[in-house]
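For the sequence shown, the positions run 210 to 359 when the working numbering is used. As structure tokens, the structure follows; a few thoughts come after it.
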Amino acid sequence: MEVLLMRDVPGIGTAGQVKKVTDGYARNYLLPKKLAVVATGGAIKQSQSIKEAAARRDAKTLGEAQQLADLLRQTMLNFSAKAGEGDRLFGSITAGDIADALAKEKHINVDRRKIELSSPIKQLGAHQVAIKVHPEVTATITVVVEKEPF
210 MEVLLMRDVP GIGTAGQVKK VTDGYARNYL LPKKLAVVAT GGAIKQSQSI
260 KEAAARRDAK TLGEAQQLAD LLRQTMLNFS AKAGEGDRLF GSITAGDIAD
310 ALAKEKHINV DRRKIELSSP IKQLGAHQVA IKVHPEVTAT ITVVVEKEPF
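Given below as structure tokens:
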């Protein structure tokens, strides 16, 4: 029996594929668990239209992410913080601080978890910080930390 997989099934295939399986496997496992439907012409056309809509939506999302990344690449954030000897900060600049500054100063909302900092910034100077805008798009911004006068 030919079935159209609705979800990924280990050992059989991925969602959207048409696969030939034994009648018993289809009737007793795949169909009752709604992992697959019988591969009719209508079901295959519906699956293709869903795939095309998803591809268009993904392309639009990727385009928007590219625009946001271009905007972020031109962004420079300035922080002033108290520092001691050796240009070491008394506190630190975290991903949350960077996200708040982007929202406040540049009106760009970025989730702090998308900001890739291996550890908080604890030194004065310019730092390059990567922001994961989309799974396929990463932008790098410059964060400048200056010494705050006492």
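The beta-carbon is built from N, C-alpha and C at its ideal position, and this holds for glycine as well.
For GLY251, the closest C-alpha among the options THR351, GLY334, LEU213 and ASP306 is that of LEU213. Closest in alpha carbon position to VAL352, among VAL338, PRO358, VAL342 and HIS343, is VAL338. The continuous beta strand (DSSP E) containing GLU211 extends over residues 211 to 214.
About 15 Å separates the beta carbon of GLU357 from that of ALA310, a gap too long to meet the 8 Å contact definition. Beta-bridge analysis with DSSP links GLU355 to SER289.
Annotation: the stretch 228 to 283 contains the following complete segments of the beta strand (DSSP E) (minimum length 3 residues), in chain order: 245 to 247. Between the beta-carbon of VAL230 and that of MET210 there is about 6 Å, and that keeps the pair under the 8 Å contact cut. THR349 has ALA339 as its beta-bridge partners, per DSSP.
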